[in-house]
Amino acid sequence: MTLNCSVCRNTSFHDSFPGLIKCDHCGFIMANLTISHKQIQSLYGIDYFNGDEYADYLSDKKLIQKNLSKRLDHIRKYIENGNLIEIGSAYGFFLELAKKHFFIQGYEISEEAAYYASNTLNIPTKTTNFSDDTTIKSQSIDLAVMWDVIEHLDKPEDVISKLSTVLKPKGYLFLTTGDIGSKLARFQGPSWRMIHPPTHLKYFSRETITRLLNAHGFEIVEIRYPGYWRSIKEILHGLFVLGNNKPDSLMYNLLQNFTPQRTGIYLNTYDIMFVIARLSY
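In my numbering, the protein residues as written are 137 to 417.
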């Protein structure tokens, strides 16, 4: 099966880091694999949020919402109310905050996370693939958010294209994703913590995320690199489990046993982009 670049649709690539390929035309980097929606869905069971991608997502709710609250404050500098959708809404932590100001709807591929959001937090959440949702009306949404989601998508171009039709004129898109062109990513190379297919499939830089959004009628309003609060447990998970280190190493075990795991630390590695885009029509 021929792979197409999600940004420019080119079919010619060369090897990048192990398991990744780079578009010969625009430089976009992506995983060298094909994966079905059903296979992707199988990756996001309960273990994904508890030991796989995250150390313990639910237990970190307070710190996660501390970060999300700052994002919401920044969003409201641009738009204060209206219809909001979140693609990849997980356990509903952001929408729980946003519902004070917006009419909300979540989309989440993980059935366990969607069930929690719907039944524990009373957050309207669909497990429908957003790109296939025919119930959402054209030009009915004021803003969409995707927090650390676009890198997980097999076809992000389909999602961005769909957003360009359901957002109102001059509607906003707010997203975060890793910047593979950042200094840290370039320094760490294949050991960069964000490189771990098959959950992370697409690897954007400032240039390629701009090109993708421009191709679907969006203009970039702002790209910033905010810091985040992380629990020590999550930091260690990122370094030793998601990074290419051995999670059973002596150092990892010592740090797990002799550090306050739930303590929050503010970090800024300047490799996570917060992108704000707006439809240009």
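Don't be surprised by glycine CBs; every beta carbon is placed ideally from N, CA and C.
Item to check | Cβ neighbours of F239 in the same chain (closer than 6 Å, five flanking residues each side left out) | outcome: Cβ neighbours of F239 beyond the five flanking positions: N219.
Next on the checklist: Taking 7 Å as the limit between beta carbons, can you name the residues of its chain near A249, skipping five residues before and five after?
Outcome noted: Excluding sequence neighbours, A249 sits near F185, A226 and Y227.
Next on the checklist: Going by C-alpha to C-alpha distance, which of I245, L279 and L139 sits closest to Y180?
Outcome noted: Answer by Cα proximity: I245.
Next on the checklist: Mapping the DSSP letters down to three states, classify I157 as helix, strand or coil.
Outcome noted: Strand, per DSSP.
Checklist entry - In or out: I401 buried (at least 16 other Cβ within 10 Å) or exposed? => result With a 10 Å radius around the Cβ and a threshold of 16 neighbouring Cβ atoms, I401 comes out exposed.
Checklist entry - If F229 and L204 are in contact, beta carbons under 8 Å, what's the gap, nearest whole angstrom? => result The pair is a contact, with the Cβ atoms about 6 Å apart (cut-off 8 Å).
Next on the checklist: DSSP three-state label for V285, please.
Outcome noted: Looking at V285 - three-state DSSP - the assignment turns out to be coil, as it is neither helix nor strand.
Next on the checklist: Taking a contact to mean a Cβ-Cβ separation below 8 Å, would you say E370 touches Y190 in this structure?
Outcome noted: For E370 and Y190, yes; Cβs fall inside 8 Å.
Checklist entry - Ordered along the chain, which non-local residues of its own chain (more than five positions away) have a Cβ less than 6 Å from that of Y193? => result Excluding residues up to 5 positions away in sequence, F185 lie with their Cβ nearer than 6 Å to the Cβ of Y193 in the same chain.
Checklist entry - How many angstroms separate the CA atom of F164 from the CA atom of S318? => result The straight-line gap from Cα to Cα measures roughly 14 Å.
Item to check | For F410: DSSP bridge partner residues | outcome: Paired residues: T312 and R360.
Next on the checklist: On a Cα-Cα basis, can you pick out the residue from M330, T312 and A280 that is closest to P362?
Outcome noted: Measuring from the Cα of P362, the nearest candidate turns out to be T312.
Checklist entry - Thinking C-beta only, is S300 closer than 8 Å to L415? => result Here L415 is near S300, since their CB atoms are less than 8 Å apart.
Checklist entry - Under the rule that 16 or more other beta-carbon atoms within 10 Å means buried, what is T261, buried or exposed? => result Answer is buried; the Cβ neighbour count reaches 16.
Item to check | Cβ neighbours of L233 in the same chain (closer than 7 Å, five flanking residues each side left out) | outcome: Cβ within range, chain order: Q201, L204, S205 and L208.
Next on the checklist: At the level of alpha carbons, what is the spacing between N381 and M330?
Outcome noted: Note that N381 has pLDDT 49, beneath the 50 cutoff, so the model's placement of it is unreliable and no number is given.
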